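All remarks here apply to the structure that follows.
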Amino acid sequence: MCTVAGDRSARRSNSGNVFILTAAEGTEVHRRNGRERTHGHPPGMATQTTASCTGSTLLQPISEIINLPLDQVNFVACQLFALLMAVWFRIYLHPSKTSPFIRHVVATLLGFYLALFCFGWYSLHFLVQSGLSYGVMVFAGLEHMHKYCFIVTLGYLILCQITRVYVFDYGMYSADFTGPMMVITQKITSMVFEIHDGLTKRESQLTPSQKYLAISRMPSLLEYLSYNCNFMGILAGPTCSYNDYMAFIEGTCYQPRHQENANGKENGKHKQSEPSPKNGVISKLCTCAISLFIYLSLCKLLPVEHSIDDDFVNSTPFHLQIVYLYLAMLALRPKYYFVWTLADAINNAAGFGFNGYNLDGSPRWDLISNLRILDIEFATSFKMFLDNWNIQTALWLKRVCYERCPINPTAATFLLSAMWHGVYPGYYLTFLTGIAMTMAARAVRHNIRPYFMVSHSYKCIYDVITWAWTQVAISYTVVPFVLLAVGPSLKFYRSWYFCLHLLCLLVVLALPVKPRRRQAQEQQESLQKDSVQDKQTGHNSTDNNCNQKDKDT
Numbered sequence: 002m003c004t005v006a007g008d009r010s011a012r013r014s015n016s017g018n019v020f021i022l023t024a025a026e027g028t029e030v031h032r033r034n035g036r037e038r039t040h041g042h043p044p045g046m047a048t049q050t051t052a053s054c055t056g057s058t059l060l061q062p063i064s065e066i067i068n069l070p071l072d073q074v075n076f077v078a079c080q081l082f083a084l085l086m087a088v089w090f091r092i093y094l095h096p097s098k099t100s101p102f103i104r105h106v107v108a109t110l111l112g113f114y115l116a117l118f119c120f121g122w123y124s125l126h127f128l129v130q131s132g133l134s135y136g137v138m139v140f141a142g143l144e145h146m147h148k149y150c151f152i153v154t155l156g157y158l159i160l161c162q163i164t165r166v167y168v169f170d171y172g173m174y175s176a177d178f179t180g181p182m183m184v185i186t187q188k189i190t191s192m193v194f195e196i197h198d199g200l201t202k203r204e205s206q207l208t209p210s211q212k213y214l215a216i217s218r219m220p221s222l223l224e225y226l227s228y229n230c231n232f233m234g235i236l237a238g239p240t241c242s243y244n245d246y247m248a249f250i251e252g253t254c255y256q257p258r259h260q261e262n263a264n265g266k267e268n269g270k271h272k273q274s275e276p277s278p279k280n281g282v283i284s285k286l287c288t289c290a291i292s293l294f295i296y297l298s299l300c301k302l303l304p305v306e307h308s309i310d311d312d313f314v315n316s317t318p319f320h321l322q323i324v325y326l327y328l329a330m331l332a333l334r335p336k337y338y339f340v341w342t343l344a345d346a347i348n349n350a351a352g353f354g355f356n357g358y359n360l361d362g363s364p365r366w367d368l369i370s371n372l373r374i375l376d377i378e379f380a381t382s383f384k385m386f387l388d389n390w391n392i393q394t395a396l397w398l399k400r401v402c403y404e405r406c407p408i409n410p411t412a413a414t415f416l417l418s419a420m421w422h423g424v425y426p427g428y429y430l431t432f433l434t435g436i437a438m439t440m441a442a443r444a445v446r447h448n449i450r451p452y453f454m455v456s457h458s459y460k461c462i463y464d465v466i467t468w469a470w471t472q473v474a475i476s477y478t479v480v481p482f483v484l485l486a487v488g489p490s491l492k493f494y495r496s497w498y499f500c501l502h503l504l505c506l507l508v509v510l511a512l513p514v515k516p517r518r519r520q521a522q523e524q525q526e527s528l529q530k531d532s533v534q535d536k537q538t539g540h541n542s543t544d545n546n547c548n549q550k551d552k553d554t
């Protein structure tokens, strides 16, 4: 389950104070509240973070005036500063006015400054992680470089997460330095696999998307640091491919090319011009404002924790518990919409994110967008929800793990997603549940959906039923992701009698589905067989025509 990548988000504490948390891609929900529940700290304790903030204290007076933790004020200020610098970067450091070298240097230095401002000396972890990985890239052989680099990068991230959670004091700060490291981990691991594809494999061994993403030369240290630590994505992501980033730096991102979208299809780019991102940025900033308003209006009214309250469970009918859980998760999602959309707007303001043109000729600025809100809220399948939620993380998991894992890629992908998110037990409960949900949804779609495709009215009925099921299944699955600890998570599932777990098990056993790799292999063999038959038919037709001509003669 790729929940999930920018996730230090806006939330409201139990004491009623509003917190805007770090927006790092793919991190956990209600992390600090979960830490307080797990370790017994009072909920209001986390507000006393001004003195323990590891970043700059320049904005401490503002923090005291608005009663927000200093590290969160620093983060919001840095994102707004990054938005302004992105506009300046696009106008005054345009590729037509300056060299790629200058653009790399400025983007990297600004990124380091924002990291230092927000996290202080903890930002050194970004350099250590990047430096270790680059050393592996340089000194390891090309044949195994991607494996070693993957282990080192992900291992260092997990080590930092373990020390942050289980060694140091949880409540020390709310802006989590491992959030940016999660985005850097995605970028580094994506890059090394793309280098391996470009330098060790023939084109015939690569898929169309792998051909496009393949890197044909080793990046320089400056290019590497600029890609990982540029000011547009150092705090909140999202991740992007190295080739797309280099095209942006060099000013070639408006040339015709092909790029794979989240659904695995290719998007053609036919025009070559330089459209303005102004309308796209304004639209996304409006979406940010609306999302933040909705979240702040509803989050205190519909806390997810209320779903495990003993009085609520004992006094509320089960169907109303289902409705409440859906509404609570619905109220939780706008904070992700705010965080990811703001990060996307910052990149667009710098001129990064152009993705061709719509049919009406208007430019698209969704190359590195992390979500599609309407497709999420009206998703009619588990897969459709995940394909439109945290899109860049989903693409990373697909390209690094799912497409390359020879044994049970679905389970391996969920496991990697859980390890990448962190070390809280709730994450693993969520992703284990997600595996069962995915398999059950695949079985239903494969066996039952064809019966509803006979008419438009039947299809509408099927869509309504699957929409309701998808929303309930998603809400049920991600509860441990919100609660974090094992005890509260199991308490919730017990209150539901593990009903969806049991239902998924029954569906998988009753409606078996062939593995996707076997289905693809059979489809390919069928196509090859049809092709051979067509050729034979063509030869027979030619022979018959020749015989007929001989007879006529």
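Under this note's numbering, the sequence shown is numbered contiguously, ending at residue 554. C-beta: ideal position from N, C-alpha, C; glycine also. Here the structure is a predicted model, which is why all the values come from computation and not from measurement.
Could you tell me which of 385, 395 and 309 sits nearest to residue 371, measuring between CA atoms?
395
Since residue 323 contacts residue 473 with CB under 8 angstroms, what's their CB separation in whole angstroms?
6 angstroms
Assuming residue 350 is part of the alpha helix (DSSP H), what are its boundary residues?
That run of the alpha helix (DSSP H) goes 319 to 350.
Going by DSSP in three states, residue 372 sits in which element: helix, strand or coil?
strand
Taking the straight line between their C-alpha atoms, what separation do you get for residue 142 and residue 508?
46 angstroms
To the nearest angstrom, how far is the alpha carbon of residue 112 from that of residue 60?
19 angstroms
So with Cβ pairs under 8 angstroms, would you call residue 503 a contact of chain D?
The chain labelled as chain D is not found in the depicted structure, where only one protein chain is given.
If the criterion is Cβ atoms closer than 8 angstroms, does the pair residue 73 and residue 238 meet it?
no
Is DSSP giving residue 366 helix, strand or coil here?
coil
Using the Cα positions of residue 403 and residue 409, report the straight-line distance between them to the nearest angstrom.
Between residue 403 and residue 409, the C-alpha separation is close to 9 angstroms.
In this structure, does DSSP put residue 498 in helix, strand or coil?
coil
Expressed to the nearest angstrom, what Euclidean distance is found between the alpha-carbon atoms of residue 415 and residue 433?
For the pair residue 415 and residue 433, the Cα-to-Cα distance works out to about 7 angstroms.
Note the first and the last residue of the continuous alpha helix (DSSP H) segment covering residue 384.
383 to 389
Less than 8 angstroms separating the beta-carbons of residue 127 and residue 309?
no
From 161, 218, 199 and 220, pick the residue whose C-alpha is nearest to that of residue 210; which is it?
199
By how many angstroms is the C-alpha of residue 124 removed from the C-alpha of residue 117?
Cα to Cα, residue 117 sits roughly 6 angstroms from residue 124.
Terminal residues of the continuous alpha helix (DSSP H) containing residue 178?
Residue 178 -> no alpha helix (DSSP H), and no H or E assigned at all.
Quick check: the stretch 91 to 109 against the stretch 246 to 253, are there 3 or more CB pairs under 8 angstroms?
yes
Per DSSP, what are the beta-bridge partners of residue 167 in this structure?
In the DSSP assignment, residue 167 forms no beta bridge with any residue.
Mapping DSSP to helix, strand and coil, what is residue 358?
strand
Specify whether the stretch 354 to 370 and the stretch 273 to 290 touch according to this definition: at least 3 beta carbon pairs, one from each stretch, less than 8 angstroms apart.
yes
Using CA coordinates, which residue listed in 191, 291 and 373 is at the minimum distance from residue 245?
191
Have a look at residue 187 and residue 469 and give me their C-alpha separation to the nearest angstrom.
33 angstroms
Which class does residue 195 belong to by DSSP, given the choice of helix, strand or coil?
helix
Tell me, please, whether the stretch 373 to 382 touches the stretch 221 to 230 by the rule of three or more beta-carbon pairs shorter than 8 angstroms.
no
Helix, strand or coil: which one does DSSP assign to residue 424?
coil
Name the two residues that bound the continuous alpha helix (DSSP H) containing residue 136.
125 to 140
Have a look at residue 158 and residue 165 and give me their C-alpha separation to the nearest angstrom.
11 angstroms
Given residue 514, which residues of its chain have a CB within under 8 angstroms of its CB, disregarding the five upstream and five downstream residues?
440, 443, 444, 447 and 448
Expressed to the nearest angstrom, what Euclidean distance is found between the alpha-carbon atoms of residue 306 and residue 138?
45 angstroms
Once you ignore the five residues that flank residue 185 on each side, which residues in its own chain have a CB closer than 7 angstroms to its CB?
127, 130, 131 and 229
Report the option in 456, 56 and 351 whose CA atom is closest to the CA atom of residue 94.
Considering only alpha carbons, the answer is 351.
Whole angstroms is fine: what's the gap from residue 367's alpha carbon to residue 285's?
11 angstroms
Give me the Cα-Cα distance between residue 331 and residue 163, rounded to the nearest whole angstrom.
Roughly 30 angstroms separates the two Cα atoms.
If you count every other CB in all the chains shown that lies within 10 Å of the CB of residue 256, and 16 or more means buried, which is it?
exposed
What is the rounded straight-line gap between the Cα of residue 197 and the Cα of residue 421?
22 angstroms
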